[in-house]
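Notes for the one structure printed next.
2 protein chains.
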Amino acid sequence: MTVVKEVMRQLPQEQIIYFGDTARSPYGPRSSEEVRLFTRQIVDYLIQFQPKMIVIACNTATAVALEEIRAYVPVPVVGVIYPGARAALSATKTGYIGVIGTDGTIRSGAYEQALKRLSPHVEAVSKACPTFVPLVEKGLFQSSEALGVVREALDPLRSLPFDTLILGCTHYPFLTDAIQLVMGPDVQLINSAEETAREISTILHDKGQLAHSLETPVHQFFCSGDPEMFQKIARAWLGEQICAVPVVWRMSQIL
Amino acid sequence: MTVVKEVMRQLPQEQIIYFGDTARSPYGPRSSEEVRLFTRQIVDYLIQFQPKMIVIACNTATAVALEEIRAYVPVPVVGVIYPGARAALSATKTGYIGVIGTDGTIRSGAYEQALKRLSPHVEAVSKACPTFVPLVEKGLFQSSEALGVVREALDPLRSLPFDTLILGCTHYPFLTDAIQLVMGPDVQLINSAEETAREISTILHDKGQLAHSLETPVHQFFCSGDPEMFQKIARAWLGEQICAVPVVWRMSQIL
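Chains as they are written, first to last, in my numbering: chain A, 1 to 255; chain B, 1 to 255.
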């Protein structure tokens, strides 16, 4: 949803067809095989709408399924890992980059691989923060409890001299204030959602496929769990003015 | 050269073939017709090397010649305007963006067009700063004279409530400190050179064309003016460690 919000902000003319796998999230603790299967199912569903691009707006799914999905569909597929890696390489002055993410993302080593692929001499250190997603999903991201949880998770990183920290999970931007407070003002945080929206723009532009209409597009939202709950979350996260009445269908048949 | 430096930093495996039109720069005060002709000549020269991409690393040339060159060569052509526009749209919170550039760039309206194309409701204000390039070319970018020149040029912009200012000329990053001082800490400066390097990375990656070699590539530098002078500037700007001995050929035949 953090990626959707950024796409709506940076590319307000583009129509979005969104699928939130609310019945099976979070993906972080799941096995690679499961995440790959779920991602293929969702892509099979979305491809029916003949999108000009597919965005895997989840770090865990990107980490394990991006290459497979890229080979599998005939349209560009953008994940959230390379955008974050590129933004970090652009931001770092020391060439030493930190990465935090879910268990699945960190275990995959996908960020280190992306960073090394782009710039072989860069140094990276990563740490899984499995306590962050449950905190955000409970809506506790601005509580004092949040600060305590973030401090406990990130304390081991504070002595390391990286100057750039990739928030390698689309939930983590909600914890930006707490993470910045714990890491101090000299560490630049990279929001992979923001960076992904920008790369979507770059690729659509390169292909001459930016939307032309001046009318506000009608987005479509689908989810696998309770649509009322999803609708509430979507309104709260996207804001009434951006997305007044997100209509949500429950797509239980894909499960 | 600011773009080259960023490409070397963000994509150290990519080989660069550079042409600096030192005999005919700066392009800022020239007519659109002249800039278009010069850009075509240089692209004709560079295309012989069968590059996988062409980068027009000059705002003035991008503003007037990008679309023509894109239609003219069979490889992706990246300019420096859309990357800056996209970075500004990603950075702005108010949706009000400032742009400074050469006479040619500002007169073309290319930044306003790019911003509106991506996000129709964004507001932009622009101002030509014809005194900045001569200052940088004289090497005076850290002098007290520089601060005075920057203050005089930007003073009319200080009362406007934009939160993001695009440095719409590849010379301007040298004046970053003075510009930030004059505009105040609340205005975020967008360095189009940095942003362009990142978009080159995005597009090469999307096309599966990132360089694979782990060896340091051998870059090639060409210029239309005095090669010794150019070599000195290249060493000073790129740094000895990045580019120890840039070999420079004078290509007078293209003039």
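Where a beta carbon is used, it is the ideal one built from N, C-alpha and C, also for glycine.
Per-residue burial, Met183(A) [other beta carbons within 10 Å of its own, 16 or more giving buried]
Residue mapping note: residue 183(A) aligns to position 183 of the first sequence, counting from 1. Per the 10 Å Cβ criterion, buried.
Nearest by alpha-carbon distance to Ala61(A): which of Gln50(A), Pro74(A), Gln41(A) is it?
The sequence position of residue 61(A) within the first sequence is 61, counting from 1. The shortest Cα separation from Ala61(A) among Gln50(A), Pro74(A), Gln41(A) belongs to Gln41(A).
Helix, strand or coil: how does DSSP classify Val245(A) here?
Sequence index remark: in the first sequence, residue 245(A) carries index 245 (1-based). Annotation note: pLDDT 42 at Val245(A) (below 50); position unreliable, coordinate value reported separately. Three-state result, Val245(A): coil.
Contacting residues, own chain, Cβ-Cβ under 7 Å from Pro51(B) (five flanking each side not counted)
Counted from its first residue, the second sequence places residue 51(B) at position 51. So the list reads Ile17, Val75, once near-sequence residues are dropped.
Does any CB atom of chain A fall closer than 8 Å to the CB of Tyr267(B)?
In this structure chain B extends from 1 to 255, so residue 267(B) is not present and cannot be described.
Would you decide whether Arg86(B) is buried or exposed? Buried here means 16 or more other CB atoms lie within 10 Å of its CB.
Working through the second sequence from its first residue, we reach residue 86(B) at position 86. Classification of Arg86(B): buried, given that the 10 Å Cβ count is 16 or more.
Report the residue from Ala63(A), Ala153(A), Thr22(A), Gly20(A) whose alpha carbon sits nearest the alpha carbon of Gly168(A).
In the first sequence, the residue the question calls residue 168(A) occupies position 168. Closest by alpha carbon: Ala63(A).
Val125(B) lies in the alpha helix (DSSP H); which residues open and close that run?
In the second sequence, counting from the first residue as 1, residue 125(B) sits at position 125. No alpha helix (DSSP H) holds Val125(B); the beta strand (DSSP E) holding it covers 123-128.
Am I right that Gly98(B) and Leu160(B) are in contact with their C-beta atoms under 8 Å? What's the rounded C-beta distance?
Within the second sequence, the letter at position 98 stands for residue 98(B). Within the second sequence, the letter at position 160 stands for residue 160(B). Gly98(B) to Leu160(B), Cβ: 7 Å. Contact.
Can you have a look at Glu199(B) and say buried or exposed, based on whether 16 or more other CB atoms are within 10 angstroms of its CB?
Here the question's residue 199(B) lines up with position 199 in the second sequence. Classification of Glu199(B): buried, given that the 10 Å Cβ count is 16 or more.
Excluding the 5 residues flanking Ala267(B) on each side, which residues of the same chain have their C-beta closer than 6 Å to its C-beta?
Residue 267(B) is absent from the model: chain B starts at 1 and stops at 255.
CB of Ala234(B) within 8 Å of CB of Phe221(B), strictly:
The residue you call residue 234(B) lines up with position 234 of the second sequence. The residue you call residue 221(B) lines up with position 221 of the second sequence. Against a cut-off of 8 Å, the Cβ pair of Phe221(B) and Ala234(B) comes out as a contact.
Proximal residues, the segment 109-138 of chain B versus chain A, C-beta separation under 8 Å
Arg117, Leu118, Ser119, Pro120, His121
Cβ separation of Pro217(B) and His121(A), assumed to be a contact under 8 Å, to the nearest whole Å
Stepping through the second sequence from its first residue, residue 217(B) is reached at position 217. Stepping through the first sequence from its first residue, residue 121(A) is reached at position 121. Not really, about 14 Å apart at Cβ, beyond 8 Å.
Is it the case that the Cβ atoms of Pro29(B) and Pro130(B) are separated by a distance below 8 Å?
Position 29 of the second sequence, counting from 1, holds the residue named residue 29(B). Position 130 of the second sequence, counting from 1, holds the residue named residue 130(B). A contact, by the Cβ cut-off of 8 Å.
Local conformation of Phe174(B) per DSSP, three classes
For the purposes of this step, residue 174(B) is identified with residue 174 of the second sequence, where counting begins at 1. In the structure shown, Phe174(B) sits in a helix (DSSP, three-state: H, G or I).
Between the Cα of Val150(B) and the Cα atoms of Gly139(B), Leu66(B), Leu135(B), which residue gives the shortest distance?
Residue numbering aside, residue 150(B) sits at position 150 when the second sequence is read from its first letter. When each option's Cα is compared against that of Val150(B), the closest is Leu135(B).
Roughly how many angstroms lie between the CA atoms of Ile69(A) and Leu214(B), to the nearest whole one?
For this step, residue 69(A) is matched to residue 69 along the first sequence. For this step, residue 214(B) is matched to residue 214 along the second sequence. Roughly 27 Å separates the two Cα atoms.
Taking DSSP as the reference, what is the three-state secondary structure of Gln188(B)?
Here residue 188(B) refers to the residue found at position 188 of the second sequence. Correct three-state label for Gln188(B): strand.
Distance cutoff 8 Å, beta carbons only. Does Arg86(A) sit that close to anything in chain B?
Within the first sequence, residue 86(A) is the residue found at index 86, counting from 1. Arg86(A) counts as touching chain B.
Can you tell me the Cα-Cα spacing of His219(B) and Tyr27(B), whole angstroms?
On the second sequence, residue 219(B) is found 219 positions in, with the first residue counted as 1. On the second sequence, residue 27(B) is found 27 positions in, with the first residue counted as 1. Spanning the two alpha carbons is a distance of roughly 24 Å.
Spell out whether any CB of chain B is found under 8 Å from the CB atom of Asp177(A).
Against the first sequence, residue 177(A) aligns to sequence position 177. Chain B contact via Cβ: absent.
Just the C-alpha distance for Glu152(A) and Thr105(A), rounded to the nearest angstrom, thanks.
To locate residue 152(A), count along the first sequence from 1; it is residue 152. To locate residue 105(A), count along the first sequence from 1; it is residue 105. Roughly 20 Å separates the two Cα atoms.
For Gln220(A), which three-state DSSP category applies?
If you number the first sequence from 1, residue 220(A) lands on position 220. Residue state, collapsed to three classes: strand.
Limits of the unbroken beta strand (DSSP E) element including Thr164(B)
The sequence position of residue 164(B) within the second sequence is 164, counting from 1. Per DSSP, Thr164(B) is one residue of the beta strand (DSSP E) stretching across 164-168.
Listed in chain order, which residues of the segment 198-212 of chain A have Cβ atoms closer than 8 Å to some Cβ of chain B?
Arg198, Glu199, Ser201, Thr202, Ile203, His205, Asp206, Leu210
Could you check which residue in Leu154(A), Thr196(A), Cys223(A), Glu34(A) has the C-alpha nearest to that of His3(A)?
Indexing the first sequence from 1 puts residue 3(A) at position 3. Note that residue 3(A) corresponds to Val in the displayed sequence, not to His. Comparing Cα-Cα distances from Val3(A) to each of Leu154(A), Thr196(A), Cys223(A), Glu34(A), the minimum goes to Thr196(A).
Assuming the contact rule is C-beta atoms closer than 8 Å, Ala265(B) and Leu115(B) should be a hit. Round their C-beta distance to whole Å, please.
There is simply no residue 265(B) to check, as chain B begins at 1 and stops at 255 in what is shown.
Would Met53(A) and Leu238(A) be called neighbours here (beta carbons separated by less than 8 Å)?
Counting from one through the first sequence, the residue named residue 53(A) turns up at place 53. Counting from one through the first sequence, the residue named residue 238(A) turns up at place 238. Not a contact, by the Cβ cut-off of 8 Å.
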